[in-house]
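Here is the structure we will look at, set down as structure tokens.
There are 2 protein chains.
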Amino acid sequence: MKLERSNTSEAVAAYVLRRLFDGDLRSGQRLDLDAIAEELGVSRVPVREGLIQLERDGLVERAHYRRAFVAEFDDATVREAFELYGMLSALTNRRVARRRDPAVLEALGKLDEALARCDGPDEFESLAREFRRVVNVAGAGNHLRALLRTFSGLVPVAARFSIDDALADERAALHAEYVALRDGDPAAAGAAALAHLRLTADNAIRALRRRGVFPPGDRSDTDDPGWDDAARIVEGSET
Amino acid sequence: MKLERSNTSEAVAAYVLRRLFDGDLRSGQRLDLDAIAEELGVSRVPVREGLIQLERDGLVERAHYRRAFVAEFDDATVREAFELYGMLSALTNRRVARRRDPAVLEALGKLDEALARCDGPDEFESLAREFRRVVNVAGAGNHLRALLRTFSGLVPVAARFSIDDALADERAALHAEYVALRDGDPAAAGAAALAHLRLTADNAIRALRRRGVFPPGDRSDTDDPGWDDAARIVEGSET
DNA sequence: AGATTAGATTTTGTATTCAATATCGAAACC
DNA sequence: GGTTTCGATATTGAATACAAAATCTAATCT
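Protein sequences, first through last, are from chains A and B. According to this note's numbering, the stretch in the first sequence is residues 2 to 240, in order. According to this note's numbering, the stretch in the second sequence is residues 2 to 240, in order.
Laid out in structure tokens, this is it:
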């Protein structure tokens with residue numbers, strides 16, 4: 002197994018995550034430290050640290066001197082992740098829209114333009130991530146950034162499925178976010194983030210079902226009350 | 002230095018956090034791995050892993066092959082942490098209130114009773130943490146629990162200051178949460194969580210200022226728009 | 001004098017080794 | 001026959017040792 006040789010522990014986390022999305026690893030399955038270490042040709046220390054990261058991301062269960070297991074990973078779990086990520090993104094969007102920082106808006110404008118022109122999922126994904134990064138740096142403090150980082154493994158990987166399946170919808174949703182931010186409308190910017198992530202979640206979960214990643218009996222509906230809770234962020238009048 | 006000998010890395014994280022709240026460590030200050038390791042009489046591996054955890058919590062800045070530093074830590078940062086924690090707690094409260102699980106409500110009822118009777122900050126703190134734990138287990142999925150865990154270091158330590166300073170207010174705020182949960186009123190339960198954490202944040206920040214933990218010029222006001230953003234979760238009609 | 005770069009030093013990351021704990025299986029007991 | 005306890009095995013956690021990278025210092029050049 003070839004391996005990115007900087008930040009081994011993150012590479013390990015990415016590797017395990019990929020196998021999760023490939024359907025190789027199922028909920029409750031045990032994670033053999035030594036096996037992973039050997040598969041990747043690294044020591045056990047970075048493997049452990051990678052699993053610690055995944056534990057913090059809610060994807061792995063660990064206990065002192067006990068084996069590590071894959072945490073619950075079904076469509077409801079993925080949906081919850083996107084609900085939370087959408088809620089937090091709505092927060093950052095609100096702040097950025099309220100601040101109206103010209104430098105930030107100009108940077109976002111350039112990205113929006115590039116996103117409109119760009120072709121191909123690779124380029125789109127790269128630009129979209131940069132867009133979100135700029136917004137987060139501008140609108141999130143240390144702790145909010147830390148929370149968002151919790152999803153830095155899962156969300157991009159899942160979002161890629163949505164990009165591959167529905168590039169046009171993704172483009173429109175992201176553009177809507179930009180417009181709201183440019184107009185300095187916090188409520189609209191928050192709502193746009195939530196709508197975008199909800200779209201992404203639906204597409205991603207559909208794709209993952211097709212791939213057989215989720216256990217068969219799993220079929221939680223697309224309109225669970227979690228989204229309504231999250232929507233409270235963007236409802237109500239201006240602050 | 003004496004040290005709890007299970008989960009060394011967590012003990013390290015707790016130790017660094019304590020020194021942060023004691024004012025020994027300031028923003029931007031470098032964290033010497035070897036020094037900490039020697040102070041605690043442990044190796045460098047668990048120290049590094051402890052700092053990795055604090056990095057994930059937004060309290061430490063780290064980069065590949067670069068020294069570790071204390072992240073920004075001022076009253077605005079602490080307030081943001083409580084805003085986010087309050088928002089997430091509001092989410093769990095909403096869910097628990099909607100579910101109306103009799104077993105959960107009974108457990109919470111017992112805790113509420115004990116909280117009404119109990120005397121002394123130690124006992125109150127213990128019961129209050131248990132109360133929150135029960136709610137989180139009942140109302141949060143893997144990812145929401147992971148996000149809440151992000152604050153498992155900072156929030157309890159800071160909250161303790163509020164308990165010491167204003168036990169009566171804390172008791173009232175927590176009881177209000179219980180009442181809303183028992184009545185199955187999601188909106189009220191969410192609002193109560195937010196109000197509670199806002200109270201806690203104000204008290205804690207006041208105490209930390211007294212202790213001289215924050216840099217001197219630091220004086221962000223108590224009514225920043227972040228709370229309003231968070232409040233959007235709990236406003237609006239029932240789902 | 002100030003900037004630049006090459007070497008020495010420090011510091012971090014990873015591998016290896018050793019210790020601590022849990023898991024698994026078989027024998028003993030009820 | 002089923003359950004419990006004790007020992008062997010497996011597996012994780014931490015300490016030590018080694019390698020890789022950055023920082024610091026000082027000498028060199030402009």
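Note that beta-carbon positions come from the ideal geometry of N, C-alpha and C, so glycine has one too.
Against chain B, a Cβ distance below 7 Å from D58 of chain A picks out A147. Close to V46 of chain B, with beta-carbon spacing below 8 Å, are these residues of chain A in chain order: V46. Apart from the 5 residues on each side of it in sequence, G213 of chain B sits with its Cβ closer than 7 Å to the Cβ of G24 in its chain, given in chain order. Here the stretch 96-113 of chain A does not lie against the stretch 43-53 of chain A, with fewer than 3 beta-carbon pairs under 8 Å apart.
Sorting B:H65, B:F70, B:G154 and B:R49 by C-alpha distance to the C-alpha of G29 of chain B places B:F70 at the top.
Not a single CB atom of chain A sits nearer than 8 Å to the CB of T201 of chain B.
The beta carbon of G110 of chain B does not come within 8 Å of any beta carbon belonging to chain A, so the residue lies off that interface. Excluding the 5 residues flanking it on each side, L18 of chain B has same chain C-beta neighbours closer than 8 Å at L55, L60, G154, L155 and V158, in chain order. Against chain A, the CB of H65 of chain B has a partner CB under 8 Å away; the residue lies at that interface. Contact of A72 of chain A with chain B by beta-carbon distance below 8 Å involves N143. At a C-beta separation below 8 Å, R150 of chain B has these neighbours in chain A: R57.
Take V48 of chain A, set aside five residues on each side of it, and the residues of its chain with a beta-carbon closer than 7 Å to its own are V13, L34, I37 and A38, in chain order. Annotation: Cβ neighbours of A82 of chain A in chain B (cutoff 7 Å, chain order): H144. With respect to E73 of chain A, N143 of chain B sits close: the two C-beta atoms are nearer than 8 Å.
Within chain A, the residues whose beta carbon sits less than 9 Å from that of S7 of chain B are H65 and Y66, listed in sequence order. When the alpha-carbon of D184 of chain A is set against those of A:P103, A:A115 and A:F132, the nearest one is in A:P103. As the crow flies, the alpha-carbon of A232 of chain B is around 7 Å from that of L195 of chain B. Listed in chain order, the alpha helix (DSSP H) elements of length 4 or more contained wholly in the stretch 71-109 of chain A are 76-100. No Cβ-Cβ contact shorter than 8 Å links L149 of chain A with A139 of chain A.
Counted as a single uninterrupted DSSP element, the alpha helix (DSSP H) harbouring L168 of chain B occupies residues L168 to R183. For G140 of chain A, the enclosing alpha helix (DSSP H) starts and ends at P122 to G140. The beta-bridge partner set that DSSP reports for V61 of chain B consists of B:V71.
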